[in-house]
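Trainee: Residue numbers (the numbering used here): -17 to 480. A virtual CB, placed ideally from N, CA and C, is assigned to each residue, including glycine. Take this structure, written in structure tokens, and hold onto it; I'll ask about it next.
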Amino acid sequence: MQNTIPDFDVVIVGRGPVGATLANLLGLSGVRTLVLEREARAYHLPRAVHFDDECMRVFQTIGLADDILPHVILSPGMRFLNAEGRLILDWPRSQNLTPMGWHLSYRFHQPDLEDILINGLGRWPQVELRNRCDVFALDEGASGVRVRYEDLSTGQLAEVRAAYVVGCDGARSLVRRFIGSGMDDLGFHERWLVVDALLGRDRPDLGDYSIQHCDPRRPATYIRGTGNRRRWEITVHPDEDAQAFAQPAKVWELLSRWIAPNEAEIERAAVYTFHSAIAEQWRKGRLLLAGDSAHQTPPFLGQGMCAGIRDAANLAWKLRDILLGRTDASLLDTYQSERSPHVREFIELAIRLGGVINTKAIEAGLAAGEARSDAPVKLEVRKPLLGSGLAIGDHLLAGHLAPQLTLTNGRRSDDQTGYASVLLVEKAALSKSAHTALTRAGLALLTGDDAVDLPRWLDEHDIAAALVSPDRYIRGAVRNEAELDRLVAAACSCTNLI
Ligand SMILES: Cc1cc2nc3c(=O)[nH]c(=O)nc-3n(C[C@H](O)[C@H](O)[C@H](O)COP(=O)(O)OP(=O)(O)OC[C@H]3O[C@@H](n4cnc5c(N)ncnc54)[C@H](O)[C@@H]3O)c2cc1C
């Protein structure tokens, strides 16, 4: 490619939930962004049905949480029943707000969410969405990438130049092929029939909990959706024909233990193969991956899309800072090193949960010993840690999520600080020079004067301060004022960002 000025800072290939979230984050960051999407509109059938508190925090960051809230319901949790219907594993979700400032588990209808994310793009003048544009080639040069695509509405070939290209183009990613990345196969590949039904009459007895029917003859999952939507996911055995399995008569036979044809309408019945894999290389030069293009998981934890939303939150500010000249492109090396171990842990746990549902590995999979007694095992899932990359110092809080605090002015802390790095600190601990350096470097500051909960949180962890990245993960924490000066110096120095 010639040394020409790019038309866009970032071209995103694909406007699924991850591409649309990334585009909103880049729009918020003032980055000139083009989204190229093959389809005319958002896919009308849901795949994801659950997202978590951390995703809602990202939606808050892009100013869309209030639009999304009326379209979600809270999930009370998941129960695992054995073939006799006995509760063997209980995974309740608290109905209280978590330290993220949101609820742990939301159920939603994916097309509703995607519509809100896509409509949200209209708020950013520097973000453009071109539907029905099928990207087929990427040529990377020293100053940017030539992105070639077909405009499917006219049949014309077109091209744009971008400083960076992010492939949010799903599991069969074209961008991944141009990066040349192989996949690290984590070994889970199973076919499941996914049935979405719209209830025609109330069936409160089906319940609000997700139920995993751990029946070795035919493992199955029931999930309560929003409104009258209900989902069943049912194992397809290796010797069964996928096409025949999704035929209406067979579907109703499989559903007969829960509902009858006069009680519901089938919206969709399709056999999916759930995979578990992580791309070996998430970046090559100016090409990057996010979402399903970078990783795929069985859906048992409801974390596939959530992981992609986290990718977007981790990546957007790094691209912004590089494009603004605040740091150099090597910052992008921390994207895969931070995100990949995090998503790997979730995928491995999802595979183990799949083992439980298949009743292959309760004791090996989750809680050895306890599972053999009659009492159900209680499952608690700890959020994985961010991988290494930007951590400063050796405090164990690095890589954990920072809490969202309620401010004395009644606002939520993320609304005040925005999509920026933040130092959480007792005001008295901060020297005048450190304060000046932080302000000059554009870092936000939250002190005990701003947030009444902050001194308690600092005390609880026996720290004087914590530095938090724009994606809300803690980069470093310090125990005293001497360490604090070093943390501030590191945070303010571009070379220490990378
Ligand atoms: C049955 C099922 C249940 C699930 N449940 C959950 C759940 O409860 N919670 C959860 O978090 N996740 C869940 N997932 C996973 C979740 O659906 C995916 O992780 C998520 O949709 C991936 O989003 P994405 O934006 O990365 O990719 P996609 O949604 O696949 O979007 C990719 C986009 O790129 C476009 N595209 C592709 N190639 C090109 C090209 N060359 N040019 C232009 N455009 C292109 C496509 O048209 C598409 O719009 C589930 C998945 C399944 C199958």
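Quick test of the definition: if touching needs 3 or more C-beta pairs under 8 Å, does the segment 101 to 110 touch the segment 252 to 267?
Mentor: The answer is no - the segment 252 to 267 does not touch the segment 101 to 110, with fewer than three Cβ pairs under 8 Å.
Trainee: In the DSSP assignment, find the unbroken beta strand (DSSP E) run with residue 195 in it and report its ends.
Mentor: For this step, residue 195 is matched to residue 213 along the sequence shown. Here the beta strand (DSSP E) through residue 195 covers 192 to 196.
Trainee: Measure the Cβ-Cβ separation of residue -7 and residue 16 and say whether it is below 8 Å.
Mentor: Position 11 of the sequence shown, counting from 1, holds the residue named residue -7. Position 34 of the sequence shown, counting from 1, holds the residue named residue 16. In this structure, residue 16 lies closer than 8 Å to residue -7 by Cβ.
Trainee: Rounded to a whole number of angstroms, what is the C-alpha to C-alpha distance between residue 439 and residue 25?
Mentor: Indexing the sequence shown from 1 puts residue 439 at position 457. Indexing the sequence shown from 1 puts residue 25 at position 43. C-alpha separation (whole angstroms): 43 Å.
Trainee: Could you check if residue 254 belongs to the surroundings of ligand 1, using beta carbon to heavy atom distance under 7 Å?
Mentor: Residue 254 sits at position 272 when you count from the first residue of the sequence shown. Yes, the Cβ of residue 254 comes within 7 Å of a heavy atom of ligand 1.
Trainee: Counting only runs of 3+ residues fully inside the segment 51 to 102, write out the beta strand (DSSP E) ranges in chain order.
Mentor: Taking only runs of at least 3 residues, the beta strand (DSSP E) segments lying wholly in the segment 51 to 102 are 59 to 64, 69 to 74, 87 to 89.
Trainee: Using a Cβ-based criterion (distance less than 7 Å to any ligand heavy atom), does residue 275 qualify as near ligand 2?
Mentor: Inclusion of ligand 2 in the displayed structure is not the case, the ligand content consisting of ligand 1 alone.
Trainee: In the DSSP output, which residue or residues are listed as bridge partners for residue 448?
Mentor: The count along the sequence shown starts at 1 and reaches residue 448 at position 466. DSSP output for residue 448 lists 406, 459 as bridge partner(s).
Trainee: Which two residues bound the contiguous alpha helix (DSSP H) that contains residue 255?
Mentor: Start at 1 with the first residue of the sequence shown, and residue 255 comes out as number 273. Note, residue 255: premise wrong, no alpha helix (DSSP H); beta strand (DSSP E) at 246 to 261.
Trainee: What residue does the alpha helix (DSSP H) around residue 43 start on, and which one ends it?
Mentor: Position 61 of the sequence shown, counting from 1, holds the residue named residue 43. Element bounds for residue 43: 35 to 43.
Trainee: Anyone know if the C-beta pair for residue 182 and residue 242 falls short of 8 Å?
Mentor: On the sequence shown, position 200 is the one that residue 182 refers to. On the sequence shown, position 260 is the one that residue 242 refers to. Cβ atoms of residue 182 and residue 242: not closer than 8 Å.
Trainee: If you count every other CB in all the chains shown that lies within 10 Å of the CB of residue 186, and 16 or more means buried, which is it?
Mentor: Counted from its first residue, the sequence shown places residue 186 at position 204. So residue 186 ends up on the exposed side.
Trainee: Could you please give the first and the last residue of the uninterrupted alpha helix (DSSP H) stretch that includes residue 273?
Mentor: Position 291 of the sequence shown, counting from 1, holds the residue named residue 273. Looking at the DSSP string, residue 273 is not in any alpha helix (DSSP H), and its letter there is neither H nor E.
Trainee: Which residues bound the alpha helix (DSSP H) around residue 320?
Mentor: Within the sequence shown, residue 320 is the residue found at index 338, counting from 1. Here the alpha helix (DSSP H) through residue 320 covers 315 to 339.
Trainee: According to DSSP, is residue 304 helix, strand or coil?
Mentor: Locating residue 304 in the sequence shown gives position 322, counting from the first residue. Residue 304: helix per DSSP, three-state reduction.
Trainee: Return the chain-ordered list of same chain residues with a C-beta closer than 6 Å to the C-beta of residue 456, the five sequence neighbours on each side being excluded.
Mentor: Taking the first residue of the sequence shown as position 1, residue 456 is located at position 474. Correct list, in chain order: 379, 380, 382, 384, 448, 450.
Trainee: Output yes if chain B places a C-beta closer than 8 Å to the C-beta of residue 136; else output no.
Mentor: Absence of chain B from the displayed structure is noted, only one protein chain being present.
Trainee: Rank 98, 464, 288, 473 by C-alpha distance to the C-alpha of residue 421 and give the top, closest one.
Mentor: Residue numbering aside, residue 421 sits at position 439 when the sequence shown is read from its first letter. Comparing Cα-Cα distances from residue 421 to each of 98, 464, 288, 473, the minimum goes to 473.
Trainee: Out of 281, 274, 270, state which residue places its alpha-carbon closest to the alpha-carbon of residue 315.
Mentor: Sequence index remark: in the sequence shown, residue 315 carries index 333 (1-based). Nearest option by C-alpha distance: 270.
Trainee: Closer than 7 Å to a non-hydrogen atom of ligand 1 - does that hold for the CB of residue 72?
Mentor: In the sequence shown, counting from the first residue as 1, residue 72 sits at position 90. No - ligand 1 has no heavy atom lying nearer than 7 Å to the Cβ of residue 72.
Trainee: Can you give me the start and stop residues for the alpha helix (DSSP H) that residue -13 sits inside?
Mentor: Working through the sequence shown from its first residue, we reach residue -13 at position 5. Here residue -13 belongs to no alpha helix (DSSP H), and DSSP marks it neither H nor E.
Trainee: Which of helix, strand or coil does DSSP assign to residue 464?
Mentor: The residue labelled residue 464 in the question sits at position 482 within the sequence shown. Three-state result, residue 464: helix.
Trainee: Decide if the segment 27 to 45 is in contact with the segment 89 to 99; the criterion is three or more beta carbon pairs, one per stretch, under 8 Å apart.
Mentor: Taking 8 Å as the limit for Cβ pairs, the verdict is that the segment 89 to 99 does touch the segment 27 to 45.
Trainee: Consider the C-beta atom of residue 286 and the heavy atoms of ligand 1; say whether any pair is separated by less than 7 Å.
Mentor: Taking the first residue of the sequence shown as position 1, residue 286 is located at position 304. Yes, Cβ of residue 286 sits closer than 7 Å to a heavy atom of ligand 1.
Trainee: From the DSSP output, which residues share a beta bridge with residue 205?
Mentor: Within the sequence shown, numbered from 1, the residue matching residue 205 stands at position 223. Looking at the DSSP assignment, residue 205 forms a beta bridge with 213.
Trainee: Grouping DSSP H, G and I as helix and E and B as strand, with all else coil, what is residue 365?
Mentor: As a working mapping, residue 365 is identified with position 383 in the sequence shown. Residue 365 falls in the coil class under three-state DSSP.
Trainee: Report yes if the C-beta of residue 75 is less than 7 Å from at least one heavy atom of ligand 1; otherwise report no.
Mentor: Sequence index remark: in the sequence shown, residue 75 carries index 93 (1-based). Checking every heavy atom of ligand 1 against the Cβ of residue 75, none is found closer than 7 Å.
Trainee: With DSSP as the reference, please indicate the residues paired to residue 109 in a beta bridge.
Mentor: Counting from 1 along the sequence shown, the entry for residue 109 is found at position 127. Beta-bridge pairing links residue 109 to 15.
Trainee: In whole angstroms, what separates the C-alpha of residue 481 from that of residue 308?
Mentor: Any question about residue 481 goes unanswered here, given that the chain covers just -17 to 480.
Trainee: Could you tell me whether any non-hydrogen atom of ligand 1 is closer than 7 Å to the CB of residue 32?
Mentor: Numbered from 1 along the sequence shown, position 50 holds the residue referred to as residue 32. Checking the Cβ of residue 32 against ligand 1 gives yes.
Trainee: What do you reckon, is the C-beta of residue 116 under 7 Å from a heavy atom of ligand 1?
Mentor: Along the sequence shown, read from residue 1 onward, the residue named residue 116 stands at position 134. Answer for residue 116: yes, Cβ within range of ligand 1.
Trainee: Ordered along the chain, which non-local residues of its own chain (more than five positions away) have a Cβ less than 7 Å from that of residue 408?
Mentor: As a position in the sequence shown, residue 408 is number 426, starting the count at 1. 429, 430, 437, 440, 446.
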